[in-house]
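Residues in the sequence shown are numbered consecutively from 14, following our numbering.
Every residue gets a Cβ at the ideal spot worked out from N, C-alpha and C, and that includes glycine.
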Amino acid sequence: MLNELKNKRNYRLTFGLIFTYLVLGVVAFFFADYIPLVRAYLWNIFLALLPLVFALIIDFLHDHKAPIFITLIIGLAWLFVFPNSPYMITDLAHLNLYRVSYGLNISTFHSAWFGVLFATFSIITGVLMGMLSLYIVDEIIRKRFNTPLAWLFSVIVSGLAGFGIFLGRFPRFNSWDILRRPRFLLSNILRQLNEHTLGFVILFATMTLALYWLFYLIFNDGRKTDKI
């Protein structure tokens, strides 16, 4: 699938944005002692990069006809880490720190504004990497099976992502806790199930699905434009 996309404009733009962010991240790292939360955003963007890495591995395995069980194992790893990408939208809550600490409505303090811009760019890049990873996996399913199953897959993944975002934001679980502490994780999930949890999960699942469908429409439109 990547062989078909590597010359496409949107593919180049997407990875161009990711590369730009990585360069910006290196710069930001040297100012981490002066700008709040920079290290936290760098860590979160690393976690958001993992779904794309696993998706590229899945695509490579698919193209080279690897044994299906290996692809499924990597696919499960991708599913576990995928929520790290849309999770970054919840980091918008941290922007209040800059407003309170620096009074951004009346301040021109450049470090604070750099922090705001870096946080915003981090969130955009993190979400974009996740949507690209879902697109890669979704296209493999679409070609191997059919379009309705691919759409159903994106709906299920978005629903699971909504729940994963909740687990990451409030009980503060990580992707690897599924393997490290599965029983403790399950007991916490059962204990925190209520209407507020369900509302949060539905909200972020819907947001993830809407973002993916928007990404899909824009990305596919760009591919069609390249063919003209």
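What is the C-beta distance between phenylalanine 186 and threonine 210, in whole angstroms, given that I count them as a contact (C-beta under 8 Å)?
No, phenylalanine 186 and threonine 210 are not in contact; Cβ-Cβ is about 13 Å, not under 8 Å.
How would you call serine 171, buried or exposed, if buried means at least 16 neighbouring beta carbons within 10 angstroms?
buried
With 16 as the cutoff for other CB atoms within 10 Å, does glycine 143 come out buried or exposed?
buried
Taking only runs that begin and end inside the region 182-211, name each unbroken alpha helix (DSSP H) of 4 or more residues, in chain order.
190-193, 195-204
Run through DSSP, which three-state label would alanine 218 get?
helix
Span separating the alpha-carbon of leucine 162 from that of alanine 61:
25 Å
Suppose you measure from the CA of phenylalanine 127 to the CA of alanine 79; what does that come to, to the nearest Å?
45 Å
Quick one: residues in its chain with C-beta nearer than 8 Å to the C-beta of isoleucine 154, no 5 flanking neighbours on either side, listed in chain order?
Leu162, Ala163, Phe166
In angstroms, rounded to a whole number, what distance separates the CA positions of valine 36 and threonine 221?
27 Å
The alpha helix (DSSP H) that contains tyrosine 84, what's its start and end?
At residue 84 the sequence reads threonine, which differs from the tyrosine that was named. Start and end: 81-94.
Relative to the C-alpha of leucine 55, which candidate in Val40, Ala218, Val66 has its C-alpha closest?
Val40
Given a threshold of 16 other Cβ atoms within 10 Å of its Cβ, counted over all protein chains shown, does alanine 223 qualify as buried or as exposed?
exposed
Could you check how far apart the C-beta atoms of valine 94 and phenylalanine 67 are, in whole angstroms? I think they sit under 8 Å.
7 Å
Leucine 108 - DSSP class collapsed to helix/strand/coil
helix
Buried or exposed (CB count within 10 angstroms, at least 16 for buried), aspartate 76
exposed
Taking the C-alpha atoms as reference points, what is the distance between aspartate 190 and glycine 175?
17 Å
Give the straight-line distance between the Cα atoms of phenylalanine 32 and leucine 50, rounded to the nearest whole angstrom.
21 Å
C-alpha gap between asparagine 201 and leucine 141, whole angstroms:
30 Å
C-beta contact flag for isoleucine 87 and isoleucine 71 at 8 Å:
yes
Following the continuous alpha helix (DSSP H) through isoleucine 58, name the residue where it begins and the one where it ends.
51-76
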